[in-house]
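K.L.:
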Amino acid sequence: MSLDNTQDSLAGDLRRVYDIHSDNNDVVAIILETRHPVAAKNSDSTGLQCMTAVLRRINSHVMLGPEGLANTQHFRSAEAENPIIRFSWQMFGREASGIHMRHSDWMTTKKQLKNCGLKVSATFEELCTSRMMNHSYWSQNEMRLLEPKMCLDTWQVVNEDTEEIASSSLVTLDRNRSPGVTLQQAVESSFGVVRREGKRTLHRPARPHIIRVLYSPGSGPRLLFQELRTFNLPIWRETQDKQNPFDMSERAQYVVLAVVQMRINAEEEDYVRFYAAHGTEIVPEYEDIPCVGTHWSVEDENQNRYMLFYGPPGHDTGLNDASAFPEIAKPLVKDDGKTRAIHALFNKGMKPYIEKARADRAAAAIPQASQRGETAEPGEVFQDSPRQSAPRSPNLSQQRAGGARPAGQRGNSNRRTGQGSHGQGSGRQAKKPRYDQAVNFIPVGTSRMTASDRNGDENRD
1 MSLDNTQDSL AGDLRRVYDI HSDNNDVVAI ILETRHPVAA KNSDSTGLQC MTAVLRRINS
61 HVMLGPEGLA NTQHFRSAEA ENPIIRFSWQ MFGREASGIH MRHSDWMTTK KQLKNCGLKV
121 SATFEELCTS RMMNHSYWSQ NEMRLLEPKM CLDTWQVVNE DTEEIASSSL VTLDRNRSPG
181 VTLQQAVESS FGVVRREGKR TLHRPARPHI IRVLYSPGSG PRLLFQELRT FNLPIWRETQ
241 DKQNPFDMSE RAQYVVLAVV QMRINAEEED YVRFYAAHGT EIVPEYEDIP CVGTHWSVED
301 ENQNRYMLFY GPPGHDTGLN DASAFPEIAK PLVKDDGKTR AIHALFNKGM KPYIEKARAD
361 RAAAAIPQAS QRGETAEPGE VFQDSPRQSA PRSPNLSQQR AGGARPAGQR GNSNRRTGQG
421 SHGQGSGRQA KKPRYDQAVN FIPVGTSRMT ASDRNGDENR D
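Residue 1 is where the sequence shown starts when you use the UniProt record's numbering, and the numbers rise one by one after that.
(1) Per DSSP, which residues does Tyr-275 bridge with? Please list them.
(2) Using the C-alpha atoms, what's the distance from Asn-59 back to Asn-25?
(3) Measure the alpha-carbon distance for residue 467 versus Glu-238 and round it to whole angstroms.
(4) Does the beta-carbon of Ala-266 have 16 or more other beta-carbons within 10 angstroms, so that it is buried, or is it exposed?
(5) For Leu-20, which of helix, strand or coil comes out of DSSP?
(6) Following the continuous beta strand (DSSP E) through Thr-201, name the residue where it begins and the one where it ends.
(7) Between Arg-131, Val-187, Glu-269, which lies nearest to Cys-116 when the distance is taken from Cα to Cα?
(8) Does DSSP put Asn-232 in a helix, a strand or coil?
(9) Starting from Glu-253, follow the beta strand (DSSP E) in both directions and report where the run begins and ends.
(10) Compute the distance between the beta-carbons of Pro-208 and Ser-169, then report whether it is under 8 Å.
(11) Could you please give me the residues that DSSP links to residue 502 through a beta bridge?
(12) In the DSSP output, what is Met-150 paired with across the bridge?
(13) State the Cα-Cα distance for the pair Ser-190 and Asp-23, rounded to the nearest angstrom.
(14) What's the call for Met-248, buried or exposed, on a 16-neighbour Cβ count within 10 Å?
(15) Measuring CA to CA, which of Ile-282, Val-260, Gly-314, Gly-311 is closest to Glu-33?
(16) So, does the region 36-52 touch the region 295-304, judging by three or more C-beta pairs under 8 Å?
(17) Judging by CA-CA distance, which residue of Gly-93, Ala-80, Arg-35, Val-27 is the nearest neighbour of Leu-64?
(18) Should the region 138-153 be regarded as contacting the region 190-202, the criterion being three or more beta carbon pairs within less than 8 Å?
(19) Please return the same chain residues whose Cβ sits closer than 6 Å to the Cβ of Pro-83, not counting the five positions on each side in sequence.
(20) Between Met-143 and Ile-210, which are expected to be in contact by the criterion C-beta below 8 Å, what is the C-beta distance as a whole number of angstroms?
(21) Let me know the secondary structure DSSP gives Gln-90 once reduced to three states.
(22) Output the distance between the C-alpha atoms of Asp-13 and Glu-285, rounded to the nearest integer angstrom.
(23) Excluding five sequence neighbours on each side, which residues of the same chain lie with their C-beta closer than 6 Å to the C-beta of Arg-222?
(24) Could you tell me which of Phe-274, Pro-217, Leu-118 sits nearest to Glu-81, measuring between CA atoms?
(25) Would you check if the distance between the CB atom of Thr-294 and the CB atom of Ile-328 is smaller than 8 Å?
(26) Could you check what DSSP says for Asp-270 in three-state terms: helix, strand or coil?
(27) Tell me, which residues are paired with Arg-196 by DSSP?
(28) Within the same chain, show all residues whose beta-carbon is closer than 7 Å to that of Gly-192, passing over the 5 residues directly before and after it, in chain order.
(29) Pro-217: buried (16+ other C-beta within 10 angstroms of its C-beta) or exposed?
(30) Beta carbon of Val-120, beta carbon of Val-260: below 8 Å?
(31) Do you know how far the Cα of Ile-20 is from the Cα of Asn-71?
(32) Run through the DSSP bridge pairs and tell me what Met-307 is partnered with.
(33) Might you give, ordered along the chain, the residues of its own chain that have their beta carbon closer than 7 Å to the beta carbon of Pro-66, omitting 5 neighbours on each side?
(34) Check the DSSP bridge columns for Asp-13 and list the partner residues they point to.
(35) From Pro-37, Ser-9, Ala-29, Arg-16, pick the residue whose C-alpha is nearest to that of Asp-288; which is it?
(36) Helix, strand or coil: which one does DSSP assign to Arg-207?
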């Protein structure tokens, strides 16, 4: 989804700054994974926040790079009719200079959603399963759980609309109806011969980039989070044997990328949590917004249902044991002066490079603005300002020995600096993004806004 083809992009679109089709997109991935939308006060919009954040996680996992899905025409077309997709490409953040721009983008998205028959106060489930999302996103070929269905009575391909394609692509793990069913069993039960309108229909697995699972824990013993981390998708390969037409011995691993706890009623909140492909929780850059509250778990005894999102892990993640990581990231060692000193030194060392990148960006925009007689306001990004590839740290080769991060391992594996919150999110500042226990080179820092600035932010209805 290049801005060359997205004429109606929002002012804060990160694609105005970064070329998402380049080979080096680690900075973009970190922004997408750790910066979530801050909603207008009293807007009751955790559903939209969670939906946007989930799409950002999907963006970082499958949309970036020369071969990313953002390069395809059908996903560009989908963005034109789905304002949440467009909103998911925002820079976000907490910088004071961008308050007005973020407010404007929020109000634009609110208006566009209303034109689609949706509200910013809609629940996550309402948004995720809406006709708009089903038609423009979940029914795309890369998101289909099933190959086109085949009627075994007529040997004709079944004609499906986008609603049926999207609903057939949702795996249902219902332990109310089947108390002992596992995630793997729920996935495999989606395939085989199924009666459709009285006729035998063959459901064959495809190889989707993302698989959704609707999980109802039921009233019996809860599945542990480790039992929900991964599953193996069967691969059916056609043979020439009439007795055994498909070889089903091969499997493709899928790992959890995001978990949403869906509210029971309109007065409650939706919550979301994210994971890197190798297993660690991705900690947000700022955690004082309700949708990323840390007080919940899929193992809790409650009546909530969950939507889980899975994707292929990419390369080399088999070397990591995901079960070694907890569902919720634990804080670093308390009162660790050495760790704090290292981070302070890192922040000081990175500051000149961050300031230089910002100055270069501003310098590139000024000549174009002067030609049009325009003056840049704080936080403004010009419509045709040049995109940049993500900047690299001077010591990149030392920090990431072994080459570029494998596809599917974009997840930020930083840890929290304090204990979990029991309420509407946490006021803690997240540590700098990390990867493989080494300080990450990505120049995405915590907010420098004062408390009064934050209280004046964000988008007010």
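Heads up, the beta-carbon is just placed ideally off N, CA and C, and yes, glycines get one too. The model shown is predicted, which means the values in this text are computed figures rather than measured ones.
P.N.:
From the atom records:
(1) Per DSSP, the beta bridge partners of Tyr-275 are Glu-281.
(2) Here the alpha carbon of Asn-25 sits roughly 11 Å from the alpha carbon of Asn-59.
(3) Any property of residue 467 remains undetermined from this structure, which presents the chain solely from 1 to 461.
(4) With fewer than 16 Cβ atoms within 10 Å of its Cβ, Ala-266 is classed as exposed.
(5) First, the residue type needs correcting, since residue 20 is Ile and not Leu in the sequence shown. Assigned with DSSP and collapsed to three states, Ile-20 falls in coil, not helix or strand.
(6) It spans 199-203 - the beta strand (DSSP E) in which Thr-201 sits, taken as one unbroken run.
(7) Checking every option, the nearest Cα to that of Cys-116 belongs to Arg-131.
(8) Strand.
(9) Per the sequence presented here, residue 253 reads as Gln, with Glu not at that position. In the DSSP annotation of this structure, the continuous segment of the beta strand (DSSP E) that includes Gln-253 starts and ends at 246-262.
(10) Yes, they are a contact pair.
(11) The structure shown does not extend to residue 502, since the chain spans only 1 to 461, so no value can be given for it.
(12) When beta bridges are read from the DSSP output, Met-150 appears opposite Val-157, Leu-202.
(13) Ser-190 and Asp-23: Cα-Cα distance of roughly 36 Å.
(14) The residue is exposed, with fewer than 16 neighbouring Cβ atoms inside 10 Å.
(15) Ranking the options by Cα distance to Glu-33, first place goes to Ile-282.
(16) Look at the beta carbons and you see the region 36-52 not touching the region 295-304: under three pairs across the two are nearer than 8 Å.
(17) The shortest C-alpha to C-alpha distance from Leu-64 to any of Gly-93, Ala-80, Arg-35, Val-27 is the one to Val-27.
(18) Yes: the two stretches touch, three or more of their Cβ pairs being nearer than 8 Å.
(19) Excluding five sequence positions before and after Pro-83, the CB atoms of its chain that fall closer than 6 Å to its own CB belong to Thr-109, Gln-112, Leu-113, given in chain order.
(20) Distance from Met-143 to Ile-210 at the Cβ level is roughly 6 Å; contact confirmed, criterion being Cβ atoms closer than 8 Å.
(21) Gln-90 falls in the strand class under three-state DSSP.
(22) Straight-line spacing of the CA atoms in Asp-13 and Glu-285 works out to 18 Å.
(23) These residues qualify, in order along the chain: Glu-299.
(24) The option with the nearest alpha carbon to Glu-81 is Leu-118.
(25) If you check the CB distance, Thr-294 and Ile-328 come in under 8 Å.
(26) Shown here, Asp-270 sits in coil according to DSSP, grouped into three states, outside any helix or strand.
(27) The beta-bridge partner set that DSSP reports for Arg-196 consists of Lys-199.
(28) In chain order, His-203 place their CB closer than 7 Å to the CB of Gly-192, counting only its own chain and leaving out the 5 sequence neighbours on each side.
(29) Counting Cβ neighbours within 10 Å, Pro-217 comes out buried, since at least 16 surround it.
(30) Contact flag unset, no.
(31) One C-alpha to the other measures close to 9 Å.
(32) Leu-214, Val-260.
(33) Scanning its chain for C-beta atoms nearer than 7 Å, with the 5 sequence neighbours on each side dropped, one finds around Pro-66 the residues His-21, Asp-23, in chain order.
(34) DSSP output for Asp-13 lists Gln-90 as bridge partner(s).
(35) Comparing Cα-Cα distances from Asp-288 to each of Pro-37, Ser-9, Ala-29, Arg-16, the minimum goes to Pro-37.
(36) Three-state result, Arg-207: coil.
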